[in-house]
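**Q**
There are 2 protein chains.
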Amino acid sequence: MSVTDQLLENNEKYAAEFEGPLPLPPARGVAVLACMDARLDVYGILGLEEGEAHVIRNAGGVVTDDELRSLAISQRLLGTREIILIHHTDCGMLTFTDQELTTALTDETGIEPAWTAHAFTDLDEDVRGSVEKIQTDPHIPHTDAVRGFVFDVATGRLREVV
Amino acid sequence: MSVTDQLLENNEKYAAEFEGPLPLPPARGVAVLACMDARLDVYGILGLEEGEAHVIRNAGGVVTDDELRSLAISQRLLGTREIILIHHTDCGMLTFTDQELTTALTDETGIEPAWTAHAFTDLDEDVRGSVEKIQTDPHIPHTDAVRGFVFDVATGRLREVV
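As they're listed, the protein sequences go chains A and B. Going by the numbering used here, the first residue of the first sequence is number 45, and it counts up by one from there. Going by the numbering used here, the first residue of the second sequence is number 45, and it counts up by one from there.
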């Protein structure tokens, strides 16, 4: 039995106790952008309930065009006003360089990736840069409540960077 | 008090009961790619625990270069082997067209977005297309366990599309 099949069995239990549907716009008007890391249960970390916040995640919790797209849609079409950015300690993105991964993939497949990895060497610096990218984007209208944090995977605690 | 400040208070409670740290690689070897919609608590829907799966999310749960980046990093650097893709009923991405949003943003700001919205008109079709994009990407090595679902926001149940 694949892991996916096991998780689908879990979904049967979830559906059996499910109370829905909830409204489409996030009830608390917040969008969270966090790393995809398996140890970050964003709902748990922030005490969120279903229906309260948009959750955007990717490798590193970085800000590329795709995150600017999601944030613009979140604010303009679905009314969110605050943004919470979360990086975390012990992140995989601290363990390699963009060039290393590009070279490895190109050597192996003969095709250079269309993307760069967006690895980083300093968590706080990348949080600050990510917040700045959001605040200077012309298509994200509400940027007075953009705050950036580092989640400590050893303590479960968020530390504010900016 | 901002919503962010309220959520930070929740984090104090989470940290007080936190037991960590867990290892970096996802224990169940799965990456989930889902829509950012506030009603999708991916950990709840799939019965996931902290440390078990990468979770990637964006507006629509679509596959752009940034999701291919995250999935490639997930598989190549952190050992995941299965991919679960989740779209959902009542999705905001069914309510407008790419051109409508591009025109509105350009008219309002004078600057055309660098991204397209990736709106869609048919959930199942977009799930199928997204799975195909992943399966044909040269930099994602494990594509024999890529499965696509639609989450029903009224019942809490996942329906398999492909």
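All residues carry an ideal CB built from backbone N, CA and C; glycine is no exception.
1) Please report the distance separating the alpha-carbon of L51 of chain A from that of H186 of chain A.
2) Can you grab the Cα-Cα spacing for the pair D110 of chain A / I117 of chain A, in whole Å?
3) Assess contact between the region 95-108 of chain A and the region 68-86 of chain A, defined as three or more Cβ pairs (one per stretch) separated by less than 8 angstroms. Is contact present?
4) Can you check whether the C-beta of I178 of chain A is within less than 8 angstroms of a C-beta belonging to chain B?
5) Determine the direct distance from the alpha carbon of D81 of chain B to that of P69 of chain A, and round the result to whole angstroms.
6) Using beta carbons (cut-off 8 angstroms, strictly below), is A108 of chain A in contact with chain B?
7) Quick check: the region 60-67 of chain B against the region 157-169 of chain A, are there 3 or more CB pairs under 8 angstroms?
8) Would you grab the beta carbon distance between S114 of chain A and N54 of chain B for me? Rounded to a whole angstrom, and I think it's under 8 angstroms.
9) Are any of the Cβ atoms in chain B nearer than 8 angstroms to that of F62 of chain A?
10) Quick check on this structure: which residue in A:G73, A:L202, A:C135 and A:I127 has the alpha carbon closest to the alpha carbon of K177 of chain A?
11) As a quick exercise: from B:T133, B:G154, B:E152 and B:V86, pick the residue whose alpha carbon is nearest that of D170 of chain B.
12) Here's the rule I'm using: 16 or more other beta-carbon atoms within 10 Å means buried, otherwise exposed. How should M45 of chain B be labelled?
13) Per DSSP, what are the beta-bridge partners of H98 of chain B in this structure?
**A** According to the structure data:
1) 37 angstroms
2) 11 angstroms
3) yes
4) no
5) 8 angstroms
6) The amino acid occupying residue 108 of chain A in the given sequence is Thr; Ala does not appear at that position. Yes, its Cβ sits closer than 8 angstroms to a Cβ of chain B.
7) no
8) With a Cβ gap of about 23 angstroms, S114 of chain A and N54 of chain B do not count as contacting.
9) yes
10) A:I127
11) B:T133
12) exposed
13) B:A75
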